[in-house]
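Participant:
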Amino acid sequence: ERNLERVEELMPFKDTQTVTWIRVVGLHRVEQIEKLGELFGIHPLTLEDILNVHQRPKIEFFEDYIFVVMRTLSYEKGMKSEQISLVLGRNFLISFQERKSDIFKPVETRLRNNKGSIRKKGADYLLYSFLDIVVDSYFVLLETLGEVIDTLEDEVLSEPYPHIVKDIHLLKRDLNYAFKVFWTTRDEMNRLLREDSSLIRKRSLIYYRDVYDHIIRVIDITETMRDTVSGLLDVYFSSVSNRMNEIMKVLTIIATVFIPLTFIAGVYGMNFKYMPELEWKYGYPAVLLFMLLIGMGLLFFFRRKRWL
Amino acid sequence: ERNLERVEELMPFKDTQTVTWIRVVGLHRVEQIEKLGELFGIHPLTLEDILNVHQRPKIEFFEDYIFVVMRTLSYEKGMKSEQISLVLGRNFLISFQERKSDIFKPVETRLRNNKGSIRKKGADYLLYSFLDIVVDSYFVLLETLGEVIDTLEDEVLSEPYPHIVKDIHLLKRDLNYAFKVFWTTRDEMNRLLREDSSLIRKRSLIYYRDVYDHIIRVIDITETMRDTVSGLLDVYFSSVSNRMNEIMKVLTIIATVFIPLTFIAGVYGMNFKYMPELEWKYGYPAVLLFMLLIGMGLLFFFRRKRWL
Amino acid sequence: ERNLERVEELMPFKDTQTVTWIRVVGLHRVEQIEKLGELFGIHPLTLEDILNVHQRPKIEFFEDYIFVVMRTLSYEKGMKSEQISLVLGRNFLISFQERKSDIFKPVETRLRNNKGSIRKKGADYLLYSFLDIVVDSYFVLLETLGEVIDTLEDEVLSEPYPHIVKDIHLLKRDLNYAFKVFWTTRDEMNRLLREDSSLIRKRSLIYYRDVYDHIIRVIDITETMRDTVSGLLDVYFSSVSNRMNEIMKVLTIIATVFIPLTFIAGVYGMNFKYMPELEWKYGYPAVLLFMLLIGMGLLFFFRRKRWL
Amino acid sequence: ERNLERVEELMPFKDTQTVTWIRVVGLHRVEQIEKLGELFGIHPLTLEDILNVHQRPKIEFFEDYIFVVMRTLSYEKGMKSEQISLVLGRNFLISFQERKSDIFKPVETRLRNNKGSIRKKGADYLLYSFLDIVVDSYFVLLETLGEVIDTLEDEVLSEPYPHIVKDIHLLKRDLNYAFKVFWTTRDEMNRLLREDSSLIRKRSLIYYRDVYDHIIRVIDITETMRDTVSGLLDVYFSSVSNRMNEIMKVLTIIATVFIPLTFIAGVYGMNFKYMPELEWKYGYPAVLLFMLLIGMGLLFFFRRKRWL
Amino acid sequence: ERNLERVEELMPFKDTQTVTWIRVVGLHRVEQIEKLGELFGIHPLTLEDILNVHQRPKIEFFEDYIFVVMRTLSYEKGMKSEQISLVLGRNFLISFQERKSDIFKPVETRLRNNKGSIRKKGADYLLYSFLDIVVDSYFVLLETLGEVIDTLEDEVLSEPYPHIVKDIHLLKRDLNYAFKVFWTTRDEMNRLLREDSSLIRKRSLIYYRDVYDHIIRVIDITETMRDTVSGLLDVYFSSVSNRMNEIMKVLTIIATVFIPLTFIAGVYGMNFKYMPELEWKYGYPAVLLFMLLIGMGLLFFFRRKRWL
């Protein structure tokens with residue numbers, strides 16, 4: 028285990044019998060990477076794909092190596108995705124990452140401690156470990172997303188703020204993006220399982236099938252999440268319209284109770300000379316009582332109609 | 028038929044000619060299960076799938092055994108699902124469950140009573156019995172769900188409570204989950220029918236095809252339910268908007284009838300010195316009559332417009 | 028042509044050279060049917076499917092016979108469906124129905140009159156006649172459904188009653204059910220066309236292809252109907268919202284015309300000591316005129332805005 | 028080129044070396060058509076399909092002939108469709124139509140003028156000419172539909188009339204119908220391209236592929252139209268709701284400006300003995316000014332909120 | 028590198044060993060192009076496709092050449108598309124365009140400077156360069172569209188103008204059109220990769236696979252954009268309904284606060300002879316206070332209900 032600065036130092040590792048893991052972190056030193064590519068016989072188009080970190084997940088079979096692109100995903104106020112390129116040769120595995128991340132820590136640790144069966148099991152098992160780690164990291168992502176969705180759901184039901192629709196759509200877009208990454212990974216894994224490459228031994232296939240199984244479960248969960256998020260919009264619109272209805276109902280009731288009463292008051296506010304009621308001794312309390320009765324009647328009517 | 032505590036006691040049953048059903052209930056005693064796996068030659072990844080009870084339904088063909096994962100579903104304030112793992116060997120069948128449930132009671136009973144053809148027909152027929160029981164339990168689930176949907180439908184039409192939209196979405200999610208389980212089961216059953224494994228005899232295939240037929244019918248019913256639940260939202264929104272319209276109509280009518288009347292009252296409430304009507308002897312009753320006529324006219328107009 | 032009560036009486040017909048049509052109506056005499064099954068070598072699972080009348084349409088190929096399940100559909104306040112099971116042997120055809128219906132009348136008549144080519148053309152042609160009759164009955168169903176949809180459409184456009192949304196959804200569900208029956212029938216017919224069974228002669232295949240053609244046309248029509256019914260909901264919601272808008276507009280206009288006028292009346296109803304207008308001789312008619320002008324102005328404004 | 032009344036007169040044309048085009052217009056003379064079918068060896072089921080003019084587009088391969096059903100479409104207050112049946116034999120082509128239409132005019136003209144390569148190129152080229160003409164007529168239809176859609180779009184945006192939703196749905200249904208015809212034609216053309224029939228020579232295939240290309244373009248355009256028409260509904264609902272909002276805003280503003288003012292007038296209309304303001308000399312103008320200020324303030328508030 | 032006016036001048040280039048790129052700009056000189064077609068053995072139907080510039084992207088394999096149709100897309104107040112037809116022969120490549128555009132500038136430059144490997148690598152590599160340039164130009168288009176979508180999104184959220192729904196639908200239509208072009212291009216590229224043509228050498232295939240990869244990424248981005256634009260409509264409708272609710276709330280509050288107050292004022296405006304309150308010394312301020320309390324109470328009620 029060494030930190031090397033120049034590609035030339037890798038020369039001796041090329042043809043050893045043991046498995047070598049070369050880890051390249053940072054893709055700005057293009058020249059060094061091109062030298063590395065030349066040394067291990069990597070096609071220029073593969074190198075291009077490694078350097079342009081916007082590839083979809085894919086697995087390409089070349090004569091002397093298999094080129095694997097995976098994408099890690101993390102969610103922190105928006106989906107973030109990083110590309111991990113892996114080149115599997117006869118007895119070496121080269122990994123390329125833009126930034127140093129902790130995702131491969133477990134493999135590192137196991138290799139260092141010399142415990143675990145990784146060291147013995149060949150390069151294809153090492154590749155499996157990496158794929159497995161990336162796919163398992165998707166479960167962590169989905170947990171985060173699940174919490175985000177739960178929070179959003181609570182807010183939609185209790186107190187929807189104005190731009191929540193946009194937030195829902197952003198989440199939807201992120202989920203769609205993740206879904207696409209998962210689905211493409213699944214497709215490519217499937218192809219790897221059926222392709223007949225000498226670089227991956229028969230008895231390793233069962234491990235790859237396990238990864239495939241996991242990615243399918245990831246897709247299942249994501250699909251359920253997409254349904255939920257789609258449903259959130261319906262819930263939101265119904266929640267908003269419920270509040271609106273609540274408000275409208277109060278308006279209706281207050282207005283419809285007082286409008287007739289105000290009319291009655293208006294009638295007795297007219298200045299006609301001959302209005303017998305106005306002369307009555309108990310005209311005023313009688314009218315007040317009459318108004319009360321009308322108001323009560325209307326409220327009773329509304330209650331019976333179950334509008335209250 | 029015995030209750031064993033330690034795996035070693037199973038030794039003698041491994042190579043008998045008769046069919047042995049080993050039933051493992053509770054998955055917390057990992058070590059014992061691993062020993063069992065070793066004894067019957069089960070691959071570590073299979074054991075992992077048995078212990079991690081979030082697998083999708085699946086059927087995997089190994090050299091010496093077939094590994095089947097089924098999921099039972101039950102609905103009680105939300106969908107609950109339990110994993111049942113089955114390992115079919117040459118002349119043994121091992122079932123793994125987290126909790127002891129009554130689902131396999133019928134097979135038990137038949138085995139105990141020694142009646143029924145299960146004992147004679149070999150391990151693959153026993154496996155069929157289990158699959159059949161699980162798929163038949165789906166019909167029970169669908170009946171429960173059908174009742175839940177009917178209740179919800181009634182509530183949507185009579186008196187939609189505020190969070191019914193969320194309940195509909197939860198039900199939809201549960202249905203989607205069940206649908207996915209059914210669909211995957213169907214896919215795997217289909218694969219089992221076409222796969223050529225020596226562990227399942229030709230003449231047993233017709234039974235498996237029958238299970239396949241049942242699962243397809245389960246899927247059909249579930250699809251209809253999903254349509255119904257989707258429709259519920261439309262019905263809900265239309266029901267809410269109907270109530271809203273009803274309320275708005277009353278507001279409109281009361282308001283539009285009284286607003287002009289109030290205006291007239293307002294006119295005769297003005298304090299102009301020279302307002303001839305005010306001096307008339309029958310001005311007051313005339314105005315009241317006039318108001319009545321206007322009110323009636325408006326009501327008549329609304330009725331003719333069919334708003335009432 | 029005879030009416031038999033006991034299965035044993037069928038013995039002599041089993042091995043004749045001529046084609047025999049055995050018609051079983053009513054499925055409650057399970058024992059007799061099981062005897063029949065034994066006599067003609069029908070598999071127990073097939074008998075189970077015959078007795079459990081909730082099968083999907085299907086065609087199963089056995090060594091000695093072909094088992095066909097068809098479903099007749101009729102619509103009368105909801106979709107009704109009956110199962111017709113057919114067993115085609117070398118020179119016999121057995122049909123199973125729950126209730127006696129007139130659907131096979133035409134075949135009966137033709138057989139009785141000895142005219143038509145049915146008697147000569149073998150059992151597979153007889154089976155074709157039955158399939159043809161069932162599929163043709165679907166066209167009748169679709170005509171009925173077409174009328175139901177037309178009625179619903181008229182009601183949606185003229186006078187939507189409150190629960191019409193539910194009716195639309197029920198119709199949609201029925202259509203989906205019929206669609207599923209048609210589609211499955213199509214699938215199974217397609218399989219029959221490609222399957223190579225000695226029981227169906229090459230030269231009969233062209234007739235089966237004709238049935239297949241008809242079922243595809245049935246599916247086409249059903250799809251169009253589903254589109255129409257889906258559209259009905261949109262039309263309904265737009266129709267409701269149109270009525271609502273109409274009502275709101277009247278409210279707006281009446282309210283907005285009278286609210287300012289009432290305000291003016293209110294102003295001159297104030298009791299200030301010094302209000303010069305009140306003393307004017309023509310103050311009252313002047314105010315009335317002013318109110319009229321304002322009212323006319325508002326109406327003119329609304330008309331110009333095309334709200335009236 | 029002759030107009031024949033009786034089928035017998037066709038006898039001599041059956042076995043000539045040159046290509047013969049027999050054109051049958053009007054399908055009511057069933058007997059003559061059956062005679063024709065017998066003469067040219069056409070299967071009874073084919074004749075049935077020719078006479079029943081509700082077939083889907085299809086191409087059927089028989090031993091001695093190819094049977095082609097095409098549908099012409101025209102739009103004039105609803106979609107109209109006519110069936111054109113074509114029977115391609117070794118050196119004859121028979122076309123069947125219900126009514127005489129001008130659609131095959133170009134071929135007629137070219138045949139009459141003896142110019143163009145149609146006469147020399149054999150019956151399969153003649154068939155191609157017919158298919159080409161029918162598919163090209165679809166482009167004309169799409170142009171008409173395009174104009175209908177444009178008109179509808181303008182009306183939706185400027186002045187939506189009440190039943191426009193129904194018109195949109197009718198158009199949608201027509202488009203779906205056309206789409207289905209196009210799609211089926213495409214499928215059948217595709218099958219023709221892959222089928223290996225001796226009646227269509229290899230070197231003619233490139234022409235058929237050209238027709239196939241055209242039908243795909245037709246489908247593309249139709250899909251775009253379907254999207255547009257679907258979008259029309261959204262535009263309509265948003266347009267209606269925009270108008271509604273406009274109206275509601277005016278109501279809100281007029282009502283909310285005048286309601287407080289009316290209240291103030293009401294206050295000073297009260298008949299309390301001790302109301303000091305009433306005695307003030309400038310109480311009346313002061314109140315008017317106060318009302319003006321409040322009205323202006325509210326309008327200013329609305330403008331700042333961008334509601335005006 | 029020469030500008031030629033007449034096709035005859037191309038004679039000598041037909042059979043050279045080196046690769047010749049013939050660039051035809053402007054398709055109005057039909058005769059010259061037909062001569063060119065004759066000279067290089069291009070089928071009349073291909074020429075027709077070149078001249079009719081509404082083809083879908085496609086790749087057709089002929090015996091002596093491959094015919095490729097690509098579409099460039101640009102967005103400037105609506106999608107614009109131009110057809111580029113390419114004919115790849117053994118050692119020549121002919122490109123046809125309607126208008127002179129700068130899209131092939133990079134290839135031109137590289138050819139002129141004699142640097143770059145284009146000149147050496149054969150006609151199939153030249154074709155690849157052209158495909159690559161066209162597909163890369165799609166990324167530029169998508170960037171433009173991305174900005175248009177962002178602008179629209181901002182407008183939807185801040186200040187939706189009336190016809191924004193139509194703009195969204197136009198954008199959607201444009202995106203669908205682009206999507207169709209991309210998808211068809213992908214399909215045809217895929218076919219090219221699997222087709223076995225002697226005109227494209229094995230070792231060039233990896234470059235074509237790279238173009239295929241790019242077009243898939245283009246499709247991915249477009250799909251995300253389509254989701255976003257679809258979401259825009261939801262956001263718009265929710266935004267409009269939010270504003271509407273805001274307005275309605277203010278109306279409700281002002282109206283419901285003042286309607287009861289106006290009623291009270293109306294009561295004390297009645298002219299009954301015996302109304303004791305009117306005689307009280309502090310009746311007027313008491314009523315004002317009472318009104319104030321009621322108004323405050325209602326506001327407090329609204330605030331507690333979170334309507335304010």
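Protein chains in written order, with our numbering: chain A, 28 to 335; chain B, 28 to 335; chain C, 28 to 335; chain D, 28 to 335; chain E, 28 to 335.
Where is the CB? At the ideal position from N, CA and C, for every residue including glycine.
1) Under 8 Å by Cβ, that's how I've got Glu182(A) and Ile191(A) pegged, so tell me the actual separation to the nearest angstrom.
2) Closest Cβ-Cβ distance between Asn217(A) and chain E: below 9 Å?
3) Checking 9 Å against the spacing of the C-beta atoms, do Ser122(D) and Glu109(D) come in under that value?
4) Helix, strand or coil: how does DSSP classify Lys85(C) here?
5) Say whether the segment 192 to 204 of chain E touches the segment 258 to 270 of chain D, bearing in mind that this needs 3 or more beta-carbon pairs closer than 8 Å, one atom from each stretch.
6) Mind checking Ser225(C): buried by the 16 CB within 10 Å criterion, or exposed?
7) Pull up the DSSP beta-bridge partners for Lys107(A), would you.
8) Please check the pair Arg83(E) and Arg244(D), which I expect to be a contact at CB under 8 Å, by giving their CB distance rounded to whole angstroms.
9) Does DSSP put Trp210(E) in a helix, in a strand, or in coil?
10) May I ask which residues mark the beginning and end of the beta strand (DSSP E) holding Ile123(C)?
11) When the cut-off is 9 Å and only beta carbons count, does Pro84(C) lie next to chain B?
12) Please list, in chain order, all residues of the same chain as Ala150(D) whose beta carbon is under 8 Å from its beta carbon, the five residues on each side excluded.
13) By DSSP's criteria, Phe94(B) is part of a beta bridge. Which residues make up the other side?
14) Taking the DSSP output, what are the residues bridged to Ala48(E)?
15) Use the C-beta contact count for Glu1(A): other C-beta atoms within 10 angstroms, 16 or more gives buried, fewer gives exposed.
16) Just confirm the distance between the C-beta atoms of Met97(E) and Leu72(E), as a whole number of angstroms; I'd bet it's less than 8 Å.
17) Is DSSP giving Ser225(E) helix, strand or coil here?
18) Does chain E have any CB closer than 9 Å to the CB of His55(A)?
19) When you compare only the Cα positions, how much space is there between Gly53(D) and Leu168(E)?
20) Would you mind working out which of Phe88(D), Pro187(D) and Leu63(D) sits nearest Ser266(C), comparing C-alpha positions?
21) Would you call Asp220(E) buried or exposed, if buried means 16 or more other Cβ atoms sit within 10 Å of its Cβ?
22) Return no unless some Cβ of chain D is closer than 9 Å to the Cβ of Trp307(E).
23) Quick one: residues in its chain with C-beta nearer than 7 Å to the C-beta of Pro287(E), no 5 flanking neighbours on either side, listed in chain order?
24) Taking the alpha carbon of Ile69(C) as the point to measure from, which residue in Asp91(C), Ile86(C), Gln124(C) and His55(C) has its own alpha carbon closest?
25) Could you compute how far the alpha carbon of Ile291(E) sits from the alpha carbon of Glu306(D)?
26) If we ignore side chains and look at the alpha-carbon of each, how far apart do Ser164(A) and Ile111(A) end up?
27) Pull up the distance between the alpha-carbon of Glu76(E) and that of His196(E), whole angstroms please.
28) Taking Arg200(A) and Thr251(E) to be in contact with their CB atoms under 8 Å, please state how far apart those CB atoms are, rounded to whole angstroms.
29) So, is the C-beta of Met97(C) closer than 9 Å to a C-beta in chain B?
30) Considering just the uninterrupted stretch of the alpha helix (DSSP H) at Ile280(D), what are its terminal residues?
31) I'd like to know if Gly324(A) contacts chain B, where contact means its C-beta is closer than 9 Å to some C-beta of that chain.
32) Contact criterion: CB-CB distance below 9 Å. Does Trp210(C) meet it with respect to chain D?
33) Relative to the alpha-carbon of Asn217(C), which residue among Lys85(C), Tyr263(C) and Asn272(C) has its alpha-carbon at the smallest distance?
Facilitator: Looking at the coordinates:
1) 6 Å
2) no
3) no
4) strand
5) yes
6) exposed
7) Ser101(A)
8) 6 Å
9) helix
10) Looking at the sequence itself, residue 123(C) is Phe, so the reference to Ile does not match. First-last of the beta strand (DSSP E) with Phe123(C): Phe119 to Gln124.
11) no
12) Val46, Leu115, Gly116, Arg117, Asn118, Phe119, Leu120 and Leu226
13) Glu87(B) and Val114(B)
14) The identity of residue 48(E) in the sequence shown is Trp, whereas the question assumes Ala. The partner list for Trp48(E) (beta bridge, DSSP) reads Leu120(E).
15) Summary: the structure shown does not reach residue 1(A), with chain A confined to residues 28 through 335, and so no result is reported for it.
16) No, Met97(E) and Leu72(E) are not in contact; Cβ-Cβ is about 18 Å, not under 8 Å.
17) coil
18) no
19) 54 Å
20) Pro187(D)
21) Per the sequence shown, residue 220(E) should be read as Leu rather than Asp. By the neighbour-count rule (16 or more Cβ atoms within 10 Å), Leu220(E) is not buried but exposed.
22) yes
23) Ile321
24) Asp91(C)
25) 22 Å
26) 13 Å
27) What sits at residue 76(E) in the sequence shown is Asp, not Glu. One C-alpha to the other measures close to 31 Å.
28) 7 Å
29) no
30) Leu232 to Val294
31) no
32) no
33) Lys85(C)
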